[in-house]
Amino acid sequence: MGMKELLRKSLNRQLAATEEGQPLARLRPLVEALDHFFFDPDEQTPGPPHIRDGVNTKRWMTLVIMALIPCILWAIWNTGVQTLVYTSGDVSLMGEFFASSHSLFSYVSFVIKEGRWLTVLSLGIKAFFPVMMISYMVGGLVEVIFACVRRHPISEGFLVSGMLFALILPPTLPYWMVAVGIASGIFISKELFGGVGMNIVNPALCCRLILFFAFPAQMTGDVWVGTNPYIVRQALVKVNKGMPVVDGYSQATPLKRVNVSLDIQRIHVDAIATQFPDVEEVSTKNVLDPIWKAWANEYNVRESFGKLSQKTLRQFLITSKEGGGLGLSPEDYEQAWRLAQFQYEQGVLTNWNFFLGNKLGCFGETSTLFCLLGALFLIWTGVGAWQTMVAVFFGALGTAFLFEIPLLLSEDCGAFSPAIFSIPAYKHLLLGGLAFGAVFMATDPVSSPSLGLSRWIYGILIGCITIIIRVANPAFPEGAMLAIILGNITAPLIDHLVARWYRRRRSFTNYRTLIFIALLATVAALLLSLLSGLLKNQQNYARELDRSRQLLLSARICSPKGDLQLYEEGKYISAQHMGNGLLEKGEKRASGEDILAVYRARVSPFLVDRKGRRTSYENEGIDIEKYLQAWKKKECVEFLPIFGIIPNSGEKSFESYVVPVSGYGLWDRIFGYICINSDGKTIRGIAWYDHQETPGLGGEISTYDWQEQFSGKLIFQPDEEGKIDMKTSPLGVTIVKGRVEDVLGDVPKTMNAVDGIAGATLTGDGVMRAYKESLEPYRPFFENLSNDGEQ
Amino acid sequence: MFRYFVDQLFEKNQVLVAILGICSVLGVTTRLSIALTMGLSVIFVTGFSSLFVSLLRRYTPESVRMITQLTIISLFVITVDQFLRAYFLPLSKVLSVFVGLIITNCLVMGRAEAMAKNNPPLPSFLDGIGAGVGYAIVLAIVGGIRELFGFGELFGYRVVPLSWYATSDHPDLYRNIGLMYIPPSAFFIIAMLIWAVNLYKARCERRR
């Protein structure tokens, strides 16, 4: 009792010292927060959220934290378990864990054995606590600074946001990113809008959103266990040594497995699943069996379907549809395999494990079970809106089911439709952050709508968008976060669904207006045609110059700065034009005329027919300009244009060959050149000269930094032993998502792969397709080249 | 008279105060050099379109004034576009559609509607140039911030040393902020600028 009075007295003194007008007035929010922490405040809350009964903001926040407790405990526990298993690098431990995950009983006995639960707890605490503390401290600091500057009270609401934020982060995130995320998120979503109760979107989600777009690789990458991704990768490499890639243990989260390209069809997944020992029958069996029989006949394969070797299965899947196979592209094979494991519940990927939360993922979101416990508590205490939670689940279930309907109705069970569509709807509810988001994020009283019906609409919208992003957008694995943010933004709109129609203004025309318009149009047309007439020659010249320069750039005669260069003793040195089209050492800047003269002297265009034989434009009686134009529009197919590069020494044999390539980027067609050395295999350089890609994103394909990495790569994809067969090896260049060494590691395939451009996956895919399709017709020519070289 | 120009730079900045022309700020500010080229083009277009709209203001029928303004604006936009294509092809390729889209930039239209339609030619011209310069300044600031944090460069020259960057051995070091090279980041930066300007103005108001 004495203690309490002492505290009251001291607080009263501090309150008096920080009253308006006193020198310490700015610190009042701090003192108030301390006061409210120990004693119930006697004043009313001035801002939203307003609750209709006696529960004040403080009690309300305490209730949410209590509802979060099961999730927090599970976050610590599960992070510990997964870290223990995945960072061990111990094959037997991993096997034991996978085997024991089939039932609750064996799971419990696995963790109790040899006192593992102690290690698990300490690992979990080590992973979760620093993140939570950083979230609280940095976020709290922002909150306190703003409370002092703006002179509003510090809110207990932050206790919830800070905890929610920590729970939706992947365990591997570097600590500085946690700090950046919480500081910028709280600042942007809450403080800029005026503090507690004024935010439009959920602060914790906004923090995560910023991290998600700022550091996509860290937020959606493969590695989600432990605190150091590097150690985990090392451990996995150790465990997987000697195993084929697809059979090895992978650190992909279940959600990441579902995030596959739409090109993977249901039949691919089923064909793989048929080989799993415990899968009896797949739904597309009727379609699959005849294809297999025909293929096995044609290629004389004797193995029984259901027990195929990896090699045969892969061959069957990647044989093109015309060739009697299933037409899966080789790059997608691994993804298809992972999806099959997921869909047919191999290893730990069972529904039970997903429900309990025994899987990889962000700290708090893994367990549907514990989210449901929290939901029950929130509904029971009246803090969370049950309509929203139920609506999110139904919205998600319904949308996922809509994707399934065509498969169920069609005769062949949708064998050739994307495999992601066939994931059972209920499984979506057990994946990723949907449950956690629906229970704790979507129901945030500040940023969600407040009327009964609008809560239903809002919830269904969130569920629906989540699934659409997951299923139809291969760029993002998870949609819950984006969907809830979108829901938050539309919440006020939903609450005020009042449509207003404006009467259209009728403009009536009269004689004078008509004359004015006619005059205006005539003058404008005249001026424009004058302009285009004046500039036409210059424009054509600029275009011609640019095309020549880009062609020379791809052949490495032009330097990236637009000057000329020579290749001497293994490196490029700057050069100048001698006047006869040839180059000598020198520093003089190249003018447009120089470039064109060098182009005329060293580039010799000729034609190649479909069998790889050379012929010239004169022989075939073809006008070169017209033919190149027509080729760009894909109007002619008989002869393939190609440019031979004459060496600077003036010898007659070509040092390299430039092939024009074209394809579709994100927005429109893209045109470029690829220069291939006289061995017919290695790339000398590339250029993209005409495209409409987004500046700064896809537009980076025309920057030299990106193009440089192509030189020295192969245009044929080597097989696993590093051999190339010019007749059958896939032609083209692989553009990986991210960095080659991160994605592929150290395999012969890297000889054919280059880094992708961050944020421009679709452009990368377009470029990849352009190389594949443009180079394929030249295959016989490259073959001839390589044969000539060997003789 | 000169006031018409100066007012537009800060006091009535079209982007920060009137919140116009945001779309192109999102699109062309990934790099400083692109942002500046775009800024120059817009200065030219707003200046001259305001001048001509003002010259024609007595003869333009009310019912077709929007179309007239659009025609005049598009004339100048096409001029800029064709000129860039003839003499600065590489830059024009980087800017791609955004030059053409100046036509739809609400800033240009806004100046024509709010100022040139009702005022004599010279003030309108100065006002248009000023609006363009104000826009170019914002573009340069946003472009600078985005290039610095998104690429670690300014005008294409490296500013953040390569040795600060994370590698596979040290995954926790600095990284370029990916958010900066996608358009939404411009939204955030502009929002912050607007916030700062509002704070500053509120403070000036209070002093007075």
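Chains as they are written, first to last, in the numbering used here: chain A, 442 to 1232; chain B, 497 to 704.
The C-beta atom is built at its ideal place from N, Cα and C for all residues, glycine as well.
The Cβ-Cβ distance between TYR631 of chain B and LEU587 of chain B does not fall below 7 Å. Nearest Cα to PHE1080 of chain A within the set A:SER1094, A:ILE1065, A:TYR1098: A:ILE1065. In this structure, the straight-line span from the alpha carbon of ASN509 of chain B to that of GLY581 of chain A is close to 35 Å.
Interface flag for ARG702 of chain B against chain A is unset, since no Cβ pair is found closer than 7 Å. DSSP places ILE1176 of chain A in the strand class (E or B) of the three-state scheme. Out of A:MET1167, A:TRP733, A:VAL1195, the CA that lies nearest to the CA of GLU1149 of chain A is found in A:VAL1195. Among the residues of chain A, those whose CB is under 8 Å from the CB of TYR583 of chain B are GLN979, ALA983, following chain order.
Non-local beta-carbon contacts of TYR1008 of chain A in its own chain, meaning distances under 7 Å to residues more than five positions away in sequence, involve ARG997 in chain order. One Cα belongs to ASN799 of chain A, the other to TRP558 of chain A, and the distance between them is close to 15 Å. DSSP places GLY1113 of chain A in the uninterrupted beta strand (DSSP E) bounded by 1110-1118. Here the region 1216-1232 of chain A makes no contact with the region 1178-1189 of chain A; the two share fewer than three CB pairs at distances below 8 Å. Against chain B, the CB of THR1202 of chain A has no partner CB under 7 Å away; the residue lies outside that interface. In the structure shown, HIS709 of chain A adopts helical secondary structure according to DSSP, grouped into three states.
Between VAL880 of chain A and MET922 of chain A, the gap from beta carbon to beta carbon reaches 7 Å or more.
Contact annotation: VAL579 of chain A and ALA516 of chain A have beta-carbon atoms that are not nearer than 7 Å.
In chain A, no part has a C-beta under 9 Å from the C-beta of TRP660 of chain B; the shortest such distance is about 12 Å. For the 7 Å CB-CB criterion, VAL522 of chain A and VAL549 of chain A do not form a contact. As for any beta strand (DSSP E) of minimum length 3 sitting wholly inside the region 1145-1216 of chain A, there is none. Distance check between HIS1132 of chain A and each of A:ASP1109, A:GLY1126, A:LEU767, A:THR1191 places A:ASP1109 closest, using alpha-carbon atoms only.
In this structure, the straight-line span from the alpha carbon of VAL720 of chain A to that of GLU555 of chain A is close to 34 Å.
The straight-line gap separating the alpha-carbon atoms of VAL1044 of chain A and GLU985 of chain A is approximately 14 Å.
Residue environment for CYS647 of chain A: buried (at least 16 other C-beta atoms within 10 angstroms of its C-beta). When the alpha-carbon of PHE544 of chain B is set against those of B:PHE594, B:SER559, B:PHE621, the nearest one is in B:PHE621. Judged by beta-carbon spacing, SER1097 of chain A lies within the 7 Å limit of ARG1125 of chain A, meaning their Cβ atoms are closer than that value. In the pairwise beta carbon analysis, the region 664-683 of chain B is classified as not touching the region 550-566 of chain B: fewer than three pairs are separated by under 8 Å. At the C-beta level, ALA607 of chain A and MET573 of chain A come within 7 Å of one another. Below 8 Å, enough C-beta pairs join the region 707-719 of chain A and the region 853-873 of chain A to call them touching: three or more. At a beta-carbon threshold of 8 Å, the residues of chain A lying near THR575 of chain B are LEU972, ordered along the chain.
One finds nothing in chain A with a Cβ atom closer than 8 Å to the Cβ of SER550 of chain B; even the nearest lies about 15 Å away. Beta-bridge partners of ARG654 of chain B (DSSP): B:GLU649. The beta carbon of PHE818 of chain A sits closer than 6 Å to the beta carbons of ALA508 from its chain, once the five residues preceding and following it are set aside; these are given in chain order. Within chain B, THR567, ILE568, SER570, LEU571 have C-beta atoms less than 9 Å from the C-beta of ALA965 of chain A, given in sequence order. Annotation for VAL502 of chain B: GLY626 place their beta carbon closer than 8 Å to its own, counting only its chain and skipping 5 residues before and after.
Look at SER550 of chain B here: in three-state DSSP terms it is helix. The C-alpha of LEU1048 of chain A is placed about 5 Å away from the C-alpha of SER1057 of chain A. When secondary structure is reduced to three states using DSSP, GLN504 of chain B falls in the helix class.
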